[in-house]
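Going by full-length UniProt numbering, the first residue of the sequence shown is number 1, and it counts up by one from there.
Note that beta-carbon positions come from the ideal geometry of N, C-alpha and C, so glycine has one too.
For clarity, every value in this text was computed on a predicted model and none was experimentally measured.
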Amino acid sequence: MGHAFITAGSKGLGRKVTELFLQSGHNVTLTYRSDNKKVEELIEIYTSEQLHAVRADVTSKKELGNAVLEANNKFGTIDYLINNAGPFVFERKKLMDYTEKEWDLMQKGNLDAVFHLLKLTVPAMREQGFGRIINYGFQGANTAAGWLNRSAFAAAKVGLVSLTKTIAFEEAEHGITSNMICPGNITGAMKEASIEKSRRVPDLDTPIGRSGTGEDIARSVLFLCQKDSDMITGSVFEITGGLDVIHRHR
């Protein structure tokens with residue numbers, strides 16, 4: 001089976017992605033910033049023969065380099081690069097109220113980190129003639145819509161839309177695909193929840209009647225990483241339960 005490298009893969013939306021890849025027989029290297037407890041929970045379930053965790057801040061080029069080196073030493077070439085980490089400023093405010101530090105954090109964590117990881121992983125993908133890149137956006141990112149009071153985050157992610165598509169075209173000849181997943185309004189416990197759990201909690205604001213979950217995202221990511229999904233590249237997928245159809249942004 002393959003080797004997945006998942007940033008921020010121990011909790012939040014990354015948790016279910018990690019679990020589904022492990023359950024599907026893949027080896028996983030995940031990065032985490034500080035939450036040792038979440039990592040320990042995973043290690044108790046899955047063995048170190050299949051799972052490797054590396055502490056790394058995605059805004060640090062050096063730490064990303066060290067993480068990829070550890071991953072390669074543990075499981076060999078990275079087949080699936082899952083850029084799940086996405087620093088976020090939760091306080092809603094206008095662009096003029098952002099500090100330079102906050103702006104830099106959004107760009108380094110959501111855009112620059114992907115660039116550095118591509119530089120670190122694509123050469124080996126090219127050599128083997130196979131690779132899968134998955135980036136994360138936000139609902140409506142593909143239309144380059146403005147996002148009031150989230151300008152710094154939105155600017156980075158919309159830039160990532162273009163990067164996702166460009167890499168898809170440039171690396172297609174090497175058997176590498178690049179796609180983006182745009183989660184809808186998945187919050188709180190639902191980030192690590194199953195679809196079954198979501199169906200027991202009605203959500204009248206979402207057309208399908210339930211909230212999105214981490215499992216919804218994980219299933220989509222795993223499908224795009226399959227060998228026979230090579231016809232799908234340069235695409236942006238809205239995983240919103242229908243909210244994007246009427247352009248509602250919660």
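The alpha helix (DSSP H) spanning Thr164 covers which residue range? Counted from its first residue, the sequence shown places residue 164 at position 164. Ser151 to Glu171 is the extent of the alpha helix (DSSP H) around Thr164.
Rounded straight-line distance, which links the Cα of Val89 to that of Asn185: Locating residue 185 in the sequence shown gives position 185, counting from the first residue. Locating residue 89 in the sequence shown gives position 89, counting from the first residue. One C-alpha to the other measures close to 16 Å.
Candidates Leu105, Gly188, Thr177 and Asp203: closest to Val58 by CA position: The residue given as residue 58 occupies position 58 in the sequence shown. Of the listed residues, the one whose Cα sits closest to Val58 is Leu105.
Bridge partners of Gly12, per DSSP? Indexing the sequence shown from 1 puts residue 12 at position 12. Beta bridge pairing from DSSP links Gly12 with no other residue.
Under the three-state DSSP convention, the category Ser60 falls into: Here the question's residue 60 lines up with position 60 in the sequence shown. In the structure shown, Ser60 sits in coil (DSSP, three-state: anything other than H, G, I, E or B).
Would you identify the three-state DSSP class for Gly109, choosing helix, strand or coil? Counted from its first residue, the sequence shown places residue 109 at position 109. Helix, per DSSP.
Taking Cβ positions, are Asn110 and Gly86 nearer each other than 8 Å? Taking the first residue of the sequence shown as 1, we reach residue 110 at position 110. Taking the first residue of the sequence shown as 1, we reach residue 86 at position 86. Cβ atoms of Asn110 and Gly86: closer than 8 Å.
Can you tell me which of the three DSSP states Met1 falls into? Taking the first residue of the sequence shown as 1, we reach residue 1 at position 1. DSSP places Met1 in coil when its eight states are reduced to three.
Less than 8 Å between the CB atoms is what I'm expecting for Met125 and Ile176, so what's the real figure, rounded? On the sequence shown, position 125 is the one that residue 125 refers to. On the sequence shown, position 176 is the one that residue 176 refers to. Confirmed, about 5 Å.
Which partner residues of Thr31 appear in the DSSP bridge assignment? Taking the sequence shown and counting its residues from 1, one reaches residue 31 at position 31. Note: Thr31 is bridge-paired with Val54 in the DSSP secondary-structure output.
Based on the DSSP output, what are the partners of Val236 in its beta bridges? Here residue 236 corresponds to residue number 236 of the sequence shown, with the count starting at 1. The partner list for Val236 (beta bridge, DSSP) reads Met180.
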